[in-house]
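Once you know that position 56 of the sequence shown is 43 in the numbering used here, the rest is easy, because the numbers rise by one and skip nothing. All residues carry an ideal CB built from backbone N, CA and C; glycine is no exception. Written below as structure tokens is the structure these notes are about.
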Amino acid sequence: MTHKLSCIRGEQSVFTGLDIAVNPGRALLLSGPNGSGKSSLLRILAGLLPPATGRIDWEGTNIAADQDAHRARVAYIGHEDPLKPNLTVMENLSFWARMYGFDPNIEPALFQFSIESLAGVPVKYLSAGQRRRTTLARLALGQNSEAGPALWLLDEPGAGLDRGAVAMLANTILAHLSNEGVAIVSTHGDRLDELLAEHADSFDMRKLST
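Following this line, the structure appears as structure tokens:
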């Protein structure tokens, strides 16, 4: 997937010479302390940040050859919850479904993350954990649609979730992997790692930090 990938932030080298490959149906768990490059790598893989050197291939083709196609195959979730606060949970999910051409039936995604009782509640009234589950329900939207992205890039997706919600997230990722999807997930060695362990490989970003 990546070939001699390097990242520079300001004048500081974050990582160099990164080569990783992830097979369909597998996850890659990225570990390492803050500043080791986990978030930067995910943003580069999503096409949101250019690498300093190297390239990224998908099924043998450089993603730079068709960036629109790459964006369509990626589901990226960062640290922030990109929700419209004055819209309800249902309205936010419906907006995403229309934007990405997903199945407009929102209910399965609501139930998948146990937010069905919040469907009519404006996001500004939700707790941090409820907002996070609403954001993660985007994954379920794509999963339940033929147009769903094959590559999930998740930056500490379990942050702020209780054990039950982490289990929901893990089940969603495992279902994605069972459909030959790929997930690259940054973690801090938490419960999500344990739940995905049988279907995941690990990579410690400290190996590349300089």
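Exclusion of the five residues before and after Leu164 leaves Gly12, Arg13, Ala14, Ala170, His186 as the residues of its chain whose Cβ lies within less than 7 angstroms of its Cβ. Beta-bridge annotation (DSSP): Gln(-1) is paired with Arg(-4). In this model, Arg120 and Leu16 are separated by some 20 angstroms (Cα to Cα). Thr75: not part of any beta strand (DSSP E); DSSP gives it neither H nor E.
For Ile171, the uninterrupted beta strand (DSSP E) segment begins and ends at 169 to 173. Judged by DSSP in its simplified three-state form, Arg13 adopts coil rather than helix or strand. With a threshold of 16 other beta carbon atoms within 10 Å, Ala157 meets it and is buried. Beyond the five residues adjoining it in sequence on each side, Ala8 comes within less than 6 angstroms, by CB distance, of Met(-12) in the same chain, given in chain order. Secondary-structure assignment with DSSP links Trp45 through a beta bridge to Thr48.
Ile64 is bridged by DSSP to Leu141. Straight-line measurement puts the Cα of Pro20 at about 31 angstroms from the Cα of Gly135.
A distance of 9 angstroms or more separates the beta carbons of Ala62 and Pro95.
Bridge partners of Pro109 according to DSSP: Thr75.
Judged by DSSP secondary structure, Asp191 falls within the beta strand (DSSP E) whose first and last residues are 187 to 191. Secondary structure of Gly19 (DSSP, three-state): coil. When the beta-carbon positions are compared, Met77 and Ile93 come within less than 9 angstroms of each other.
According to DSSP, Leu5 shares a beta bridge with Leu(-8). Listed as beta-bridge partners of Thr159 by DSSP are no residues whatsoever. Between Gly88 and the set Arg125, Thr48, Arg(-4), Ser(-7), the nearest pair of CA atoms involves Arg125. Spanning the alpha carbons of Asn166 and Tyr112 requires a straight line of approximately 35 angstroms. Shown here for Pro72: same chain residues with a beta carbon closer than 6 angstroms to its own, the five before and five after excluded, namely Val110, Lys111 in chain order.
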